[in-house]
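*Asks:* The following block contains the structure, expressed as structure tokens.
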Amino acid sequence: MKLEQLFQPPQAIPSIPQVLQELIVALGDEASQPLALARLIEHDATISARLLQLANSAFFSPGREIHTVSQALDQLGTVNVRSVVIGLGLKSRFNTLENAVLQPFWRNSLRIAATAQHWAALPEVQLNVHHAWTVGLLYTIGQLFMHMGLPQDMQALDAQMEPLAPERIALEREKFGFGYPEVSAELVRRWRLPALFHEVLSVEPWQPAATELTPMAALVQMAVRQVWVYAPAAAEQRSDLPWPAEVAALVPLQPEQAAESFPGWQPLCGKLEAMLD
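When the sequence shown is numbered by the working numbering, its final residue is 284 and no position is left out of the sequence of numbers.
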């Protein structure tokens, strides 16, 4: 099977709201102002309404009623608003899939995103935290699209092997002729997201460092590894997974930053996991 066949009718390619495209581009600009971001979000009435509902919920305990997107940005901060808006916008495009597929996918994706963002903000790393979070969230989005187009085959693969397992991509390629990195990269290309996204999503995790690997691509590779290493299904393999020193050096990361210095999922994304559940 060729990758192009997956994107042909009757398989409908999920679009993303224009507000998401514009927001992702705007957040890549360090000079973006909250007022401009608020105006972008307000263009999508559905996402704005859901954001205000969450801003007034017990999750954030606002202490006062939030009436506008600008107030939500002031109260919650750009990072929280970005996470909610992009998460809601993407979830709405794949809501026809079963919860048995969606729940573990979003849990893993949020953890990859939060890990990438956490490491991007480290003084010795200093990569764009908004790009790190968004690329991390989108990294395995190709698996959802594969579930839409190849539901029975993907369910069988999920029963055979966890989605983030190191051997999973090889299994997908053996079965279909392509794996989720190629599908994710093609989706973001068709969504017309910045070239950085296609570049990073094209890179396969669990591979030795290549000379062309960028710090952002290395960062997301390390984040995927981190989520898998601490997954219950990886418990028996954990001690056998070597530290990928070459890839880590491109970020750069030290082993302790993925071990004793790592804050864990609850501090990084526990609240967001609950909100987007």
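Cβ coordinates follow ideal geometry from the N, Cα and C atoms, glycine included.
#1: Going by CA-CA distance only, name the one from Gln228, Trp235, Glu211 that's closest to Trp272.
#2: Measuring CA to CA, which of Lys9, Ala266, Arg100 is closest to Ala19?
#3: Can you tell which of Pro201, Leu248, Val76 has its C-alpha closest to the C-alpha of Gln233?
#4: Can you grab the Cα-Cα spacing for the pair Arg196 / His205, in whole Å?
#5: If you follow the alpha helix (DSSP H) that Glu29 is in, where does it begin and where does it stop?
#6: Exposed or buried, Gly70, counting other C-beta atoms within 10 Å across all chains shown (16 or more means buried)?
#7: Taking only three categories from DSSP, how would you classify Ser151?
#8: Tell me which residue opens and which closes the alpha helix (DSSP H) that His205 is part of.
#9: Which value, in whole angstroms, describes the spacing of the CA atoms of Leu104 and Ala281?
#10: Cβ of Gln150 within 7 Å of Cβ of Tyr187?
#11: If you run the structure through DSSP and keep just helix, strand and coil, what is Ile119?
#12: So, are the CB atoms of Ala138 and Leu275 less than 7 Å apart?
#13: Kindly indicate which three-state DSSP category Leu59 falls into: helix, strand or coil?
#14: Considering only the alpha carbon of each residue, which of Ser77, Gln214, Phe14, Leu59 lies closest to Leu42?
#15: In three-state terms, what does DSSP make of Lys98?
#16: In three-state terms, what does DSSP make of Gln214?
#17: Mind checking which residues open and close the alpha helix (DSSP H) that includes Phe183?
#18: On the CB-based measure, 16 or more other CB atoms within 10 Å of its CB, does Glu189 come out buried or exposed?
#19: Gly96: buried (16+ other C-beta within 10 angstroms of its C-beta) or exposed?
#20: Report yes if the CB atom of Asp51 is closer than 7 Å to the CB atom of Val26, and no otherwise.
#21: Can you tell me the Cα-Cα spacing of Phe185 and Glu174, whole angstroms?
#22: Quick one: what's got a C-beta closer than 6 Å to Thr122's C-beta in the same chain, skipping five residues either side?
#23: Classify Leu193: buried if its beta carbon has 16 or more other beta carbons within 10 angstroms, exposed otherwise.
#24: Using 8 Å for Cβ pairs, my map puts Ala5 next to Leu144. What's the rounded Cβ distance?
#25: Considering only the alpha carbon of each residue, which of Met223, Phe269, Tyr237, Ala266 lies closest to Ala127?
#26: Decide yes or no for the touch test of the segment 107-119 against the segment 153-172: beta carbon pairs closer than 8 Å, at least 3 of them.
#27: Between which residues of its own chain and Arg114 is the CB-CB distance below 7 Å, once the five residues before and five after are set aside?
*Replies:* A quick look at the data gives this:
#1: Answer by Cα proximity: Trp235.
#2: Comparing Cα-Cα distances from Ala19 to each of Lys9, Ala266, Arg100, the minimum goes to Arg100.
#3: The shortest C-alpha separation from Gln233 is found at Leu248.
#4: Straight-line spacing of the CA atoms in Arg196 and His205 works out to 6 Å.
#5: Here the alpha helix (DSSP H) through Glu29 covers 25-34.
#6: So Gly70 counts as exposed.
#7: Reading the sequence as shown, one finds Leu at residue 151 and not Ser. Of the three classes helix, strand and coil, the one that applies to Leu151 here is helix, per DSSP.
#8: From DSSP, the alpha helix (DSSP H) with His205 extends over 202-208.
#9: Each residue's Cα considered, the two are about 19 Å apart.
#10: Yes. Within cutoff.
#11: In the three-state reduction of the DSSP assignment, Ile119 falls in the helix class.
#12: First, the residue type needs correcting, since residue 138 is His and not Ala in the sequence shown. Not a contact, by the Cβ cut-off of 7 Å.
#13: Residue state for Leu59 is assigned as helix, using DSSP reduced to three classes.
#14: Nearest option by C-alpha distance: Ser77.
#15: In this structure, DSSP gives Lys98 a helical state, which the three-state scheme calls helix.
#16: Here Gln214 sits in coil by DSSP.
#17: 175-183 is the span of the alpha helix (DSSP H), which, as asked, contains Phe183.
#18: It is buried - the Cβ of Glu189 has at least 16 other Cβ atoms within 10 Å.
#19: Looking at its Cβ environment, which holds 16 or more other Cβ atoms inside 10 Å, Gly96 is buried.
#20: Yes, these two residues count as a Cβ contact at 7 Å.
#21: For Phe185 and Glu174, the gap between their C-alpha atoms comes out near 13 Å.
#22: Same-chain partners within the cutoff: Ala230, Gln233.
#23: According to the sequence shown, residue 193 is Glu rather than Leu. By the neighbour-count rule (16 or more Cβ atoms within 10 Å), Glu193 is buried.
#24: Coverage of the chain is limited to positions 8 through 284, which leaves residue 5 absent and any answer about it impossible.
#25: Of the candidates Met223, Phe269, Tyr237, Ala266, the one whose C-alpha sits nearest the C-alpha of Ala127 is Met223.
#26: With the cut-off at 8 Å, the segment 107-119 and the segment 153-172 touch.
#27: Here Arg114 has Glu280 as same chain residues with Cβ atoms under 7 Å from its own Cβ, once five neighbours each way along the sequence are excluded.
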